[in-house]
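Numbering (mature numbering (1 follows the signal peptide of the UniProt record, and there is no 0)), first residue to last: -21 to -1, 1 to 118.
Using N, Cα and C, we set each Cβ at its ideal position, and we do this for glycine too.
Remarks on the structure that follows.
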Amino acid sequence: MSHKIQLIIFFLLFSSLSLLANDNERFAGMACTLISKNRSVLHSERQQKQMLFVQTVDGKELNLLCVWFPQTREDEHILDEVSVSLLKESDKILIGYGQTAGNPMFYYCLPVKQASKKMRIERWEKYRLPLSLCDFQFK
C-alpha cells in the first residue's frame, strides 16, 4: 500500500512541474505577441519554449527568458531547472506574476545578474514595468 502512495505522490509532483513548464511557455507566447506590437521593437520571435529574441529599432538585440510565477501568499519563488539552465543564454528575465499565465497582473524585467534559483518578490519591485509590454522601451 505504501508503494502506491509513493507512486501517487511522485506522479502529482511530476505533473505539477510539467504544468509550471507549460505556464512558462504560455506566458512566453503571450509576451511575444505583445512585444511584437511594440513600436520600439523591430523583430521578436520565440527561439525556444520560453526564450524570446527581441531586436529593437536602435539595433539592440536581447534574449529574454520568460518565467511566470503564480500569485500566492509566499514571498519567494523557485525557478525550475529548465529556467535555471537557460539563464546563461539570457540577457534579461521577463517575469509575469498573477493568477494566470496568459494574463499576468504585473510584469518585471530583471537583469540576469539579479536572478537566482530562489527569487524574492521584494527584489523584483524596482524592475516592475510601469507600462504594458506594447509600450515598454527594451534597453
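Euclidean distance between Cα positions of residue i and residue j
i: residue 17; j: residue 84; result: 19 Å
i: residue 82; j: residue 1; result: 14 Å
i: residue 6; j: residue 73; result: 10 Å
i: residue 32; j: residue 69; result: 9 Å
i: residue 90; j: residue 71; result: 5 Å
i: residue 75; j: residue 36; result: 24 Å
i: residue 51; j: residue 79; result: 12 Å
i: residue 100; j: residue 88; result: 13 Å
i: residue 113; j: residue 11; result: 10 Å
Residue i, buried or exposed, once every other Cβ within 10 Å from all chains shown has been counted against 16
i: residue 3; result: buried
i: residue -11; result: Its pLDDT being 44, under 50, residue -11 is placed unreliably by the model, and nothing is read from it.
i: residue 64; result: exposed
i: residue 116; result: exposed
i: residue 29; result: buried
i: residue 95; result: exposed
i: residue 44; result: buried
CB-CB length for residue i against residue j, believed under 8 Å
i: residue 38; j: residue 25; result: So it is not a contact: roughly 21 Å between Cβ atoms.
i: residue 41; j: residue 111; result: No, residue 41 and residue 111 are not in contact; Cβ-Cβ is about 18 Å, not under 8 Å.
i: residue 62; j: residue 46; result: 5 Å
Beta-bridge partners of residue i, as assigned by DSSP
i: residue 110; result: None; residue 110 has no bridge partner.
i: residue 75; result: 47 and 86
i: residue 34; result: 22 and 40
i: residue 55; result: 99
Inspect the CB distances between the segment 7 to 24 and the segment 48 to 59 and report whether three or more fall short of 8 Å. no
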